[in-house]
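Asks:
2 protein chains.
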Amino acid sequence: MHTDLVAALDIGGTKIAGALVDGHGRILLRAQRATPAQEDGDTVMRAVEETLGELTGSPLWARAGALGIGSAGPVDASTGTVSPVNVPGWRDYPLVSRVREAAGGLPVELIGDGVAITAAEHWQGAARGHDNALCMVVSTGVGGGLVLNGQLHAGPTGNAGHIGHISVDLDGDPCPCGARGCVERIASGPNIARRALENGWRPGPDGDTSAAAVADAARGGDPVAVASFQRAAQALAAGIAATATLVEIDIAVIGGGVGKAGDVLFGPLRKALGDYATLSFVQRLTIVPAQMGTDAGLVGAAAAALAKQDTAAAV
Amino acid sequence: MHTDLVAALDIGGTKIAGALVDGHGRILLRAQRATPAQEDGDTVMRAVEETLGELTGSPLWARAGALGIGSAGPVDASTGTVSPVNVPGWRDYPLVSRVREAAGGLPVELIGDGVAITAAEHWQGAARGHDNALCMVVSTGVGGGLVLNGQLHAGPTGNAGHIGHISVDLDGDPCPCGARGCVERIASGPNIARRALENGWRPGPDGDTSAAAVADAARGGDPVAVASFQRAAQALAAGIAATATLVEIDIAVIGGGVGKAGDVLFGPLRKALGDYATLSFVQRLTIVPAQMGTDAGLVGAAAAALAKQDTAAAV
């Protein structure tokens, strides 16, 4: 049987998406369910099985040779389990074995959602052609993933690239993760909005206090809004520079809602990067916006499945 | 011709060491010169050539199949050049081509000194058997290197693992590198001593104001000395936790003069690591002292040469 497709699952706190994807990253079939995030683990799994059922029921399914899962973290690829923060019914949940069962025994590859998005940007997006890249999602949280030596670097448990929870301010504000001064604690959308409000910024008549509203105010010249984005940019720059100094990357790709803020973010970010990326071998680092859209998680999970298929074929 | 040996060079600001090393990491022949660090580039190169000459003049030389160089940084493995901070006569100096010439055309591998020490600890020392490790030297400066997926991760230019110059305090004191709040700026030996002196610690009758003297005072219960080591430990912990969170490592090996301080450093370091290494996948991380002695640079350069030889043989 010729298997020229892979199956992909993108599992988040809001939705569970599935797809059959070809070797060029094209989505040939898709399925989706809302995540019953507050239900028990078996109920959440049923939503995964229903999503998968729409794929296995298709005549295209016979052409699928492997299945990739990008899941909200933490994940543990070494045990095949997941414990997504926003899905309390799943703690050390054996997702890989359950999905393998529902997928008729296909080889299954599990990676964290930041790693999945990185795989997508490297395969089809802004990191294409770069052998050493950091890809980030700056949104409600701050996530990421790494490409090193031309390969996705998922790490033994599939969690590598968690740049949102490195501390760039060791005496800084407590982060929900337990540490202090994490990149996410300073640069996530909710923290950009919180800081602006704390420093006197007030929303317009629509009452919108999101980071996008702060970005609008910053574009209009509001100094408190500008300063909140500058502080976020400084934390992101310190984190990106730390990553480059540790592993050598030549590009950082930034996506997610905050990443869409444009010059309000990228202007101060590029400036701050010069302040922290000082050693000769990190000075050529560039920062660019992400290119992949909402399908990034699916396309990245498909990339991981393809890589697994290739590895299996080589053995 | 059977080549069961490799040649190794360890080039620092104080000495240039050379050796012939076998496949078990044993040094069969060694040579050494003082580094004429303040002389012009050609004079420094002559000291390298003299060191090499003692190796090439030996009957053992015919058994050497490759040569590894571990050099004070920055290095640029992609161009084969070095610009060691402490050797001003070498700026973008074409060390690889000059050494290859002096070594009769042997394949030459160039890595930074932190990467070399990491290669040695992974091959023969405290990181043996660990597929994902950070090795550090905490001394006059703070350097390091990474093993990822069982392989030395040197990065495209040979500089990966520069943990001393990641910022863990983005508003902190200016570092000579140009950034602020770098791990080295807080945790190096001279900074441990400076902080103790600034806070009122005074040396004994011998006038010794080194970090080793501060460590002695800390062991004797001097609270200012204890606090200076605690602050260094906090910065090291934040840097190590950041590294683990970014790339997934399960062991951090610490060597160098400050690394020899023992419990005065390792006690607060292990405690502080718990404060910063919070995500589930980094909680199993352990910190241990280095095992390799002063030959680490040579043994690591030899390891890099052996890896290059294996790669060449596989092609």
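Residue numbers (numbering that gives the first Met the number 0), protein chains in the order written: chain E, 0 to 314; chain D, 0 to 314.
Glycine included, C-beta positions come from ideal geometry on N, C-alpha and C.
Measuring alpha carbon to alpha carbon, tell me which residue in Ala102/E, Leu245/E, Trp89/E is nearest Leu54/E.
Replies: The residue with the shortest Cα to Cα distance from Leu54/E is Ala102/E.
Asks: Can you give, in chain order, each stretch of the alpha helix (DSSP H) that sits fully within the segment 77-141 of chain E and has at least 4 residues?
Replies: Runs of the alpha helix (DSSP H) inside the segment 77-141 of chain E: 94-101, 112-123.
Asks: Quick check: what's the CA-CA separation for Val86/E versus Val114/E?
Replies: Cα to Cα, the separation comes out at about 19 Å.
Asks: Quick one, are the C-beta atoms of Gly12/E and Ala46/E less than 9 Å apart?
Replies: For Gly12/E and Ala46/E, no; Cβs fall outside 9 Å.
Asks: Hey, is Val246/D's beta-carbon within less than 9 Å of any beta-carbon in chain E?
Replies: Answer yes: the Cβ-Cβ gap between Val246/D and chain E drops below 9 Å somewhere.
Asks: Mind checking the segment 277-301 of chain E against chain D and listing, in chain order, the residues whose C-beta falls within less than 9 Å of any C-beta there?
Replies: Cβ contacts with chain D come from Thr277, Leu278, Ser279, Phe280, Val281.
Asks: Helix, strand or coil: how does DSSP classify Lys259/E here?
Replies: Residue state, collapsed to three classes: coil.
Asks: Between Ala132/E and Val146/E, is the Cβ-Cβ spacing less than 9 Å?
Replies: It is a contact, given that the beta carbons lie within the stated cut-off.
Asks: Please list the terminal residues of the continuous alpha helix (DSSP H) segment that includes Leu54/E.
Replies: That run of the alpha helix (DSSP H) goes 40-55.
Asks: What separation, rounded to the nearest whole angstrom, lies between the Cα atoms of Ala212/D and Ala237/E?
Replies: Straight-line Cα distance between these residues: approximately 33 Å.
Asks: Any heavy atom of the ligand SAM closer than 8 Å to the CB of Gly220/D?
Replies: With respect to the ligand SAM, the structure shown offers nothing to examine, as it has no ligands at all.
Asks: For Gly163/E, does the three-state DSSP call read helix, strand or coil?
Replies: The answer is helix: DSSP assigns Gly163/E an H, G or I state.
Asks: Provide the residue(s) that pair with His1/E in DSSP beta bridges, ordered along the chain.
Replies: DSSP output for His1/E lists no bridge partner at all.
Asks: Can you tell me the Cα-Cα spacing of Leu27/E and Ala33/E, whole angstroms?
Replies: Taking the straight line joining both Cα atoms gives about 21 Å.
Asks: Flag this pair as yes or no: are the beta carbons of Thr310/E and Glu247/D separated by less than 9 Å?
Replies: Going by C-beta atoms, Thr310/E is not nearer than 9 Å to Glu247/D.
Asks: Under DSSP, the beta strand (DSSP E) around Ile26/E begins and ends at which residues?
Replies: Taken as a continuous stretch (DSSP letters only), the beta strand (DSSP E) holding Ile26/E covers 26-33.
Asks: Measuring only between beta-carbons, confirm whether Asn85/E sits less than 9 Å from chain D.
Replies: So, not an interface residue.
Asks: Tell whether a beta-carbon distance below 9 Å holds between Ala217/D and Ala192/D.
Replies: Against a cut-off of 9 Å, the Cβ pair of Ala192/D and Ala217/D comes out as no contact.
Asks: Any idea what DSSP makes of Ile239/E, helix, strand or coil?
Replies: Residue state, collapsed to three classes: helix.
Asks: Could you tell me which residues DSSP pairs with His152/D in its beta bridges?
Replies: Partner(s): Leu145/D.
Asks: What's the C-alpha gap between Arg194/E and Ser279/D?
Replies: Looking at the two C-alpha atoms, the distance is approximately 28 Å.
Asks: Using a Cβ-Cβ cut-off of less than 8 Å, give me the residues of the segment 121-134 of chain E that come near chain D, in sequence order.
Replies: For the segment 121-134 of chain E, which is checked against every Cβ of chain D, the residues closer than 8 Å are Asp130, Asn131.
Asks: For Leu272/E, I'd like the list of residues in its chain whose CB is within less than 8 Å of its CB, leaving aside the five on either flank, ordered along the chain.
Replies: Answer for Leu272/E: Ala236, Ile239, Ala240, Leu284, Ile286, listed in chain order.
Asks: Among residues of its own chain, excluding the 5 on either side of Asp41/E, which ones have a beta-carbon nearer than 7 Å to its beta-carbon?
Replies: Contacts found: none.
Asks: Any residues in the segment 60-88 of chain E with a beta carbon nearer than 8 Å to a beta carbon of chain D? Which ones, in chain order?
Replies: Under the 8 Å Cβ criterion, the segment 60-88 of chain E contributes Pro73, Asp75, Ser82.
Asks: Give every residue of the same chain whose Cβ lies closer than 6 Å to the Cβ of Val20/E, excluding the five residues on either side of it in the sequence, and list them in chain order.
Replies: Closer than 6 Å at Cβ, skipping near neighbours: Val5, Ala7, Ile26, Ala301.
Asks: Can you pull the chain D neighbours of Gly11/E, defined as C-beta to C-beta under 9 Å?
Replies: In chain order: nothing, as chain D lies at least about 18 Å away.
Asks: Measuring straight from C-alpha to C-alpha, what distance separates Ala61/D and Ile253/E?
Replies: Answer to the nearest angstrom: the Cα atoms are 52 Å apart.
Asks: Relative to the alpha-carbon of Leu2/E, which residue among Glu38/E, Ile68/E, Pro58/E has its alpha-carbon at the smallest distance?
Replies: Leu is not the amino acid found at residue 2/E; the sequence shown has Thr there. It is Pro58/E.
Asks: By a C-beta neighbour count over all protein chains shown, 10 Å radius and 16 as the cutoff for buried, is Arg230/E buried or exposed?
Replies: Per the 10 Å Cβ criterion, buried.
Asks: Consult DSSP for Arg283/D and reduce its assignment to one of helix, strand or coil.
Replies: Three-state result, Arg283/D: coil.
Asks: Go to Asp215/D, then tell me how far its alpha helix (DSSP H) extends in each direction, as first and last residue.
Replies: 210-218 is the extent of the alpha helix (DSSP H) around Asp215/D.
Asks: On the premise that Ala232/D lies in contact with Pro267/D, defined as a C-beta separation below 8 Å, what is that separation, rounded to the nearest angstrom?
Replies: Contact holds; Cβ gap of about 4 Å.
Asks: Looking at chain E, is there any beta carbon in it that lies within less than 9 Å of the beta carbon of Gly177/D?
Replies: It does: the Cβ of Gly177/D has a partner Cβ on chain E nearer than 9 Å.
Asks: Measure from the C-beta of Asn148/E to each C-beta in chain D and report whether the shortest distance is under 9 Å.
Replies: Yes, its Cβ sits closer than 9 Å to a Cβ of chain D.
Asks: Rounded to the nearest angstrom, what separates Gly219/E and Ala186/E at their Cα positions?
Replies: C-alpha separation (whole angstroms): 20 Å.
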